[in-house]
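2 protein chains.
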Amino acid sequence: MGTAERKAKEKEELKALILGAAKKLFAEKGIEETTIRSIAKEIEYSVGTVYVYYKDKTEILHDLHQQGFAQLGGEFRALFHVSDPMERLKALGRIYMRFALENTQMYDLMFNMKAPMDFIKANEEHHWKEGNATFDALRKTVQECMDHGYFKGHQLEPLSFAIWGSVHGMCSLYIRDRVKAATGQEPDPLMNEAYEDLMLMFSKK
Amino acid sequence: MGTAERKAKEKEELKALILGAAKKLFAEKGIEETTIRSIAKEIEYSVGTVYVYYKDKTEILHDLHQQGFAQLGGEFRALFHVSDPMERLKALGRIYMRFALENTQMYDLMFNMKAPMDFIKANEEHHWKEGNATFDALRKTVQECMDHGYFKGHQLEPLSFAIWGSVHGMCSLYIRDRVKAATGQEPDPLMNEAYEDLMLMFSKK
DNA sequence: AAACATAATGAACAGTGTTCATAAAATCAA
DNA sequence: TTGATTTTATGAACACTGTTCATTATGTTT
Numbered sequence: 030m031g032t033a034e035r036k037a038k039e040k041e042e043l044k045a046l047i048l049g050a051a052k053k054l055f056a057e058k059g060i061e062e063t064t065i066r067s068i069a070k071e072i073e074y075s076v077g078t079v080y081v082y083y084k085d086k087t088e089i090l091h092d093l094h095q096q097g098f099a100q101l102g103g104e105f106r107a108l109f110h111v112s113d114p115m116e117r118l119k120a121l122g123r124i125y126m127r128f129a130l131e132n133t134q135m136y137d138l139m140f141n142m143k144a145p146m147d148f149i150k151a152n153e154e155h156h157w158k159e160g161n162a163t164f165d166a167l168r169k170t171v172q173e174c175m176d177h178g179y180f181k182g183h184q185l186e187p188l189s190f191a192i193w194g195s196v197h198g199m200c201s202l203y204i205r206d207r208v209k210a211a212t213g214q215e216p217d218p219l220m221n222e223a224y225e226d227l228m229l230m231f232s233k234k
Numbered sequence: 030m031g032t033a034e035r036k037a038k039e040k041e042e043l044k045a046l047i048l049g050a051a052k053k054l055f056a057e058k059g060i061e062e063t064t065i066r067s068i069a070k071e072i073e074y075s076v077g078t079v080y081v082y083y084k085d086k087t088e089i090l091h092d093l094h095q096q097g098f099a100q101l102g103g104e105f106r107a108l109f110h111v112s113d114p115m116e117r118l119k120a121l122g123r124i125y126m127r128f129a130l131e132n133t134q135m136y137d138l139m140f141n142m143k144a145p146m147d148f149i150k151a152n153e154e155h156h157w158k159e160g161n162a163t164f165d166a167l168r169k170t171v172q173e174c175m176d177h178g179y180f181k182g183h184q185l186e187p188l189s190f191a192i193w194g195s196v197h198g199m200c201s202l203y204i205r206d207r208v209k210a211a212t213g214q215e216p217d218p219l220m221n222e223a224y225e226d227l228m229l230m231f232s233k234k
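Each protein sequence line maps, in turn, to chains U and R. Each residue of the first sequence is one higher than the last, beginning at 30 in this note's numbering. Each residue of the second sequence is one higher than the last, beginning at 30 in this note's numbering.
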C-alpha cells in the first residue's frame, strides 16, 4: 500500500525533525536548557506532538546518545587501516579525546549521564550495544598490541578497561571543569601533555 | 555578650542539622530525590527555613562537597607515614578508589557534578581549595617517586594529572554504570584487576 | 509591659516533564 | 462527493521542582 508507506516515512521524518532540534539545542545549551517545550518551539509544533513520537525525554536522549556513538564509531572504523597496533591505539585515544573536547555535551551524554543507561535498563536491553561496539574496537587493538610484544604480564580485559578509563578520566575532568580548577594550568595543553605521558607509559615494552 | 554568642551557636547548629539531613538523603537517594522540601520534612522545619540558612541548593551541595573532601583529605593525610613514595602512590589510589566505590553519590558530587563548581565560580573563588589540596597530595607523592627514579622522561604536572585522570576515569565509569554494560564483566573485580594493571605500568622504572 | 529585633512560616510564582480529552486532518467506504 | 472512521496534533491541566517574600511567631531589650 503506497499511502501507508508514505505515512510511515512522514512519521520517520517528523521524528527525525524532533531529534534534530533536540540535538541542536542540546549541543548549544546543554541538557538543562533543552526542555521539551523548547524543542517543540524550535520545530513549531506543540508540546504534545513531541510525546506522540517520543514517550520520554530519556528516549530522546538515548537516540541522541546513539547518534553520538554512530559518529565516534565511524571515526574509529576509519582508523583500522593503521596496521601498526600501537600506532592505532594511540590514534584511537587521540580521536576519542578530540571527540570529547569538541563535543563536550554529547560526550557527557554518552559516558557520564544517567539518562541513556536508565532508558536501556528500562527497556530490558541489558546489552549496551553502542558501548560494547566501541569497547570492542579498543579491545581488539590492545590484543594486537599484546601479540606484538606490548603489555607483557597484563590481562586483556582489565587492561583494556584501564586504558579506556585513563583517557576517559582526563576527558571527564576536563568537561566538568576540574582540570584548571585543580592544577591551575590551562586545560588544553595540559591534556595533550598528559596524554603523551600516558602513551609513553603504555608503549614501554 | 553571652546571648549573642549562644544565638550564633544555635544558628550554626540548625545549619548543621540541615546539612546533615541533606547528606543523609543525598547518600540514600541521590541528588534528584534530595529536594528542599524533603530536607525540610526530614528535620521537621518549613521549606522557607532552609532558605534562611542556605541561599541556594547549590550552596548546600557545595558544603556537602566540602565535607566529602574533608573526609577524603583526612584519609590521604593518614597515608603520609608511608615513606616509600611508590607504595604511597599505590595506597593513595586505592584509598581514592575505595572512597569512590563506597560513597558513589558523594564522589559523583565531588568530581562529576556541575553544582559545586558553579557555586565556586559564582562566588568569585576561582581557587578550588579542596581540589587543589587533594591534588597536591598526589603531586608531592609523584615528585618523590621521580626523585626515586620512577617516571623517567615525564613531567610532574601532566603526569600527575594523567595519574589522577586514570583512576578517576575507572571510578567514573563504574559509578555511571558503564563498566558492566560495556565489558560484560562484574564491575568490582574488574576494577581491582584494572587498577593492578595501571600500577604495574606506573611502577616500571 | 511595651517596643523592638530576629526567626520561622507556607502560600504563591515560574519553571519542569508528562498526560489526556478534545479538535483537526487525513483516509477510506459508499 | 459525502459520510464514517482512523490517525495525528493540540494545549490546558497535573504534579513536581527551586525559590521568594509578606505575614506570623518567637525572643530580646528597654
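Where a beta carbon is used, it is the ideal one built from N, C-alpha and C, also for glycine.
Asked, Found
"Roughly how many angstroms lie between the CA atoms of U/Tyr74 and U/Lys38, to the nearest whole one?", "18 Å"
"Could you give the first and the last residue of the continuous alpha helix (DSSP H) run that contains U/Met146?", "Ala144 to Ala151"
"Leaving out the 5 sequence neighbours to the left and right, which residues in its chain are closer than 6 Å to U/Gly122 when beta-carbon positions are compared?", "Val196"
"Does U/Ile65 have its Cβ less than 8 Å from a Cβ in chain R?", "no"
"Excluding sequence positions up to five away, which residues of its chain have a Cβ less than 8 Å from the Cβ of R/Arg66?", "Val76"
"With a CB to CB cut of under 6 Å and the five nearest residues on each side skipped, what residues in its chain are close to R/Met228?", "Lys119"
"Taking U/Pro114 as the query, report the chain R residues whose CB atoms sit under 9 Å from its CB, ordered along the chain.", "The contacting residues do not exist; U/Pro114 stays about 17 Å from chain R at best."
"I'd like to check one pair, R/Thr78 with R/Pro114: are the Cβ atoms closer than 8 Å?", "no"
"Can a CB atom of chain R be found closer than 8 Å to the CB of U/Gly178?", "no"
"Any chance you could list the alpha helix (DSSP H) runs of at least 4 consecutive residues sitting entirely within the segment 101-142 of chain R, in chain order?", "114-131 and 133-140"
"I'd like to know if the segment 144-158 of chain R and the segment 213-230 of chain R are in contact, where contact means that at least 3 CB-CB pairs between them fall below 8 Å.", "no"
"What residues in the segment 156-189 of chain U bring their beta carbon closer than 7 Å to a beta carbon of chain R?", "Trp157, Gly160, Asn161, Phe164, Gly182, His183, Gln184, Glu186, Pro187 and Leu188"
"Nearest-angstrom Cα distance between R/Ile89 and U/Trp157?", "35 Å"
"Are there three or more Cβ pairs, one per stretch, closer than 8 Å when the segment 195-211 of chain R is compared with the segment 192-208 of chain U?", "yes"
"Does R/Lys52 pass the burial test, meaning 16 or more other C-beta atoms within 10 Å, or should it be called exposed?", "buried"
"Taking buried to mean at least 16 other C-beta atoms within 10 Å of its own C-beta, is U/Ala45 buried or exposed?", "exposed"
"Tell me where the alpha helix (DSSP H) around U/Tyr80 begins and ends.", "Val76 to Tyr82"
"Which same chain residues, not among the five before or five after R/Val91, have their C-beta less than 8 Å away from its C-beta?", "According to the sequence shown, residue 91 of chain R is His rather than Val. These residues qualify, in order along the chain: Ala144, Pro145, Phe148 and Ile149."
"State yes or no: is the beta carbon of R/Ser195 nearer than 8 Å to at least one beta carbon in chain U?", "yes"
"Suppose the cutoff is 7 Å on Cβ atoms and the five residues either side in sequence are ignored; what does the same chain contact list for R/Lys40 look like?", "none"
"Apply the 10 Å Cβ neighbour rule to U/Ser189 and answer buried if 16 or more other Cβ atoms are within range, or exposed otherwise.", "buried"
"Between R/Ala99 and R/Glu116, what straight-line distance do the alpha-carbon atoms span, to the nearest angstrom?", "23 Å"
"Determine the closest residue to U/Glu104 out of U/Ala162, U/Gly182, U/Tyr82 and U/Lys86, with distance taken between C-alpha atoms.", "U/Ala162"
"State buried or exposed for R/Asp176, treating a residue as buried only when at least 16 other CB atoms are found within 10 Å of its CB.", "exposed"
"At least one CB of chain R closer than 8 Å to the CB of U/Ala144: is that the case?", "no"
"Report the residue from R/Tyr83, R/Met135 and R/Arg35 whose alpha carbon sits nearest the alpha carbon of R/Glu57.", "R/Met135"
"By the criterion of Cβ-Cβ separation under 7 Å, what are the contact partners of U/Leu90 in chain R?", "Near U/Leu90 there are no residues of chain R at all, since even the closest Cβ is about 14 Å away, more than 7 Å."
"Report yes if the CB atom of U/Asn141 is closer than 8 Å to the CB atom of R/Asn132, and no otherwise.", "no"
"Looking only at its own chain, which residues have a Cβ that is under 7 Å from the Cβ of U/Phe55, when we skip the five neighbours before and after it?", "Thr63, Leu93 and Gln134"
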